Amino acid sequence: MATNINYAFVSFVSTVGGPLLKVENDATLTDTRIHGVHATGVGTFTINDIVDGTSTTKIKFVNTTANDAAQIYIEDFGVRFDGVVNVSVPTTASTVAVQYG
Numbered sequence: 036m037a038t039n040i041n042y043a044f045v046s047f048v049s050t051v052g053g054p055l056l057k058v059e060n061d062a063t064l065t066d067t068r069i070h071g072v073h074a075t076g077v078g079t080f081t082i083n084d085i086v087d088g089t090s091t092t093k094i095k096f097v098n099t100t101a102n103d104a105a106q107i108y109i110e111d112f113g114v115r116f117d118g119v120v121n122v123s124v125p126t127t128a129s130t131v132a133v134q135y136g
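Numbering (our numbering), first residue to last: 36 to 136.
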């Protein structure tokens with residue numbers, strides 16, 4: 036199965052959470068499948084989708100040391116997200132980028 040893989044990233048300095056933005060045009064990422072995640076920072080990361088005001092956690096992981104850099108690859112069809120894809124990070128120095136398509 037051929038698929039176009041694109042990239043999105045977090046662009047904010049708040050740990051409360053915010054949308055992933057597409058690299059090609061800075062538009063909010065919505066209605067897609069995530070195939071991979073790269074993250075740096077120490078603590079718990081969550082990736083949710085928001086549909087009709089309801090947030091559902093779809094991916095959650097923890098980096099335990101400053102040397103951790105999570106590289107998560109999801110086989111086959113990836114994880115389906117409906118609505119806006121939102122990320123919460125543990126610190127303002129944390130980074131998250133995803134491959135989607």
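Ideal Cβ positions, reconstructed from N, Cα and C, are used throughout, including at glycine. Owing to the predicted nature of the structure, the values given are computational and were not obtained by experimental measurement.
Asked                                                                                              : Found
Boundaries (first-last residue) of the beta strand (DSSP E) holding Phe96                          : Thr89 to Asn98
Candidates Val131, Val77, Pro125 and Thr92, of which the one nearest Asn83 by Cα                   : Thr92
Sequence-distant residues of its chain with Cβ nearer than 7 Å to Ile109 (five each side left out) : Ile69, His70 and Gly71
Stretch pair the stretch 56-65 + the stretch 97-113: three plus CB contacts closer than 8 Å        : no
Inter-residue spacing [alpha-carbon to alpha-carbon] between Ala43 and Ala132                      : 6 Å
First and last residue of the uninterrupted beta strand (DSSP E) at Ala132                         : Thr130 to Tyr135
As assigned by DSSP and simplified to three states, the class of Val45                             : strand
Counterpart residues of Gly52 in DSSP-defined beta bridges                                         : Beta-bridge pairing links Gly52 to no other residue.
Inter-residue Cα distance where the pair is Asn121 and Val77                                       : 19 Å
Nearest to Thr81 (by Cα), restricted to the options Val45, Gly88 and Phe96                         : Phe96
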